[in-house]
Amino acid sequence: MSCCTGVAMSADEKKATKKSLVIVVGIFVASLVTMCYVYAIFPELNASEKQHLKIPRDIQDAKMLAKVLDRYKDMYYFEVMFGVVVAYVFLQTFAIPGSLFLSILLGFLYKFPIALFLICFCSALGATLCYTLSNLVGRRLIRHFWPKKTSEWSKHVEEYRDSLFNYMLFLRMTPILPNWFINLASPVIGVPLHIFALGTFCGVAPPSVIAIQAGKTLQKMTSSSEAFSWTSMGILMACACASLLPGLLKNKFKHKKVA
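Quick note: the sequence shown, position 62, residue 62 per full-length UniProt numbering, numbers continuous.
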């Protein structure tokens with residue numbers, strides 16, 4: 001009897017998972033259409049420039065795109081900015097790699113305060129959209145494809161429930177969990193949206209500073225790894241540990257009271 005019930009539930013789960021995938025693909029296609037629209041309203045480029053107007057996949061792509069955008073940035077300031085922002089949010093929304101190169105690109109194109117705000121804003125907005133998408137149609141997918149990882153992270157979230165904002169800061173500054181997994185799994189394990197969004201906005205700031213500094217020397221770079229020196233990584237880890245300290249202290253005092 002229990003065996004048959006298990007089989008039926010498994011079939012229903014597969015059907016629901018397939019439906020969720022169809023919805024995600026539909027939204028993805030709609031987003032691609034939006035990207036094409038942004039490309040269509042962009043300033044007219046010559047043939048040699050058009051080939052470089054694409055989301056960079058490596059540092060060489062970023063260099064060539066930077067040269068093209070730098071020529072048009074002053075005359076078409078908001079169009080160029082809007083194009084980079086839309087591309088950045090698109091990558092973050094669908095957990096597509098490449099946002100690091102756009103962070104370096106923004107550091108090259110704009111002054112430090114503007115670049116930092118844009119990166120934090122795009123990261124928070126894109127991650128929030130990814131969170132919302134996962135909350136709407138991705139719950140079954142997350143539990144289906146990453147059950148063990150989701151269960152383990154859920155325990156950590158409960159451990160730091162009283163200082164979840166600080167824990168989110170820590171996660172955004174360290175590579176312990178990939179950002180795409182944090183975005184997708186957060187609604188499934190009960191991370192509140194306001195803490196998730198604010199923690200993302202503030203948490204990506206320290207690593208963004210490193211990317212922006214790298215952007216100032218973009219044309220001299222040969223690899224994205226050059227952006228992260230041992231010194232910068234050490235400072236980043238110190239910031240990450242400092243962000244986690246309040247939560248550790250709260251847990252320590254809580255255990256003392258219980259004892």
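Glycine included, each C-beta is placed from N, C-alpha and C at the ideal position.
Kindly list the residues whose CB is nearer than 7 Å to the CB of residue i, restricted to its own chain and excluding five residues on each side of it in sequence; keep chain order.
i: K67; result: none
i: P113; result: none
i: F228; result: I210
Any idea what DSSP makes of residue i, helix, strand or coil?
i: H52; result: coil
i: N179; result: helix
i: L45; result: coil
i: A95; result: coil
i: S186; result: coil
i: W146; result: coil
i: R57; result: coil
i: S223; result: coil
i: C241; result: helix
i: M75; result: coil
i: P192; result: coil
i: K63; result: helix
i: V209; result: helix
i: K19; result: helix
Can you list, in chain order, the residues of its chain with a C-beta nearer than 8 Å to that of residue i? Leave out the 5 residues immediately preceding and following it.
i: I195; result: L164, F165 and M168
i: T150; result: I142, R143, A185, V188 and I189
i: L21; result: L141
i: T222; result: I59
i: D70; result: F108 and L109
i: I41; result: E79
Assign residue i to buried or exposed, taking buried as 16 or more other Cβ atoms, counted over all protein chains shown, within 10 Å of its Cβ.
i: M233; result: exposed
i: G190; result: exposed
i: G83; result: buried
i: G215; result: buried
i: N183; result: buried
i: I55; result: buried
i: G145; result: Just to set this straight, residue 145 is Phe in the shown sequence, not Gly. So F145 counts as exposed.
i: L100; result: buried
i: L32; result: exposed
i: G199; result: buried
i: L193; result: exposed
Going by beta carbon distance, what residues of the same chain come within less than 6 Å of residue i, once the five residues before and after it are set aside?
i: A115; result: L106, G107 and I212
i: N179; result: none
i: L118; result: L106
i: K14; result: none
So, are the CB atoms of residue i and residue j less than 9 Å apart?
i: A87; j: V38; result: yes
i: M173; j: M81; result: no
i: E61; j: H52; result: Looking at the sequence shown, residue 61 is not Glu but Asp. Contact flag set, yes.
i: T93; j: C36; result: no
i: L125; j: V89; result: yes
i: C122; j: L102; result: yes
i: residue 276; j: S224; result: Residue 276 cannot be examined here, being either before or after the span of the chain that is shown, 1 to 259.
i: G203; j: S154; result: no
i: A205; j: T128; result: no
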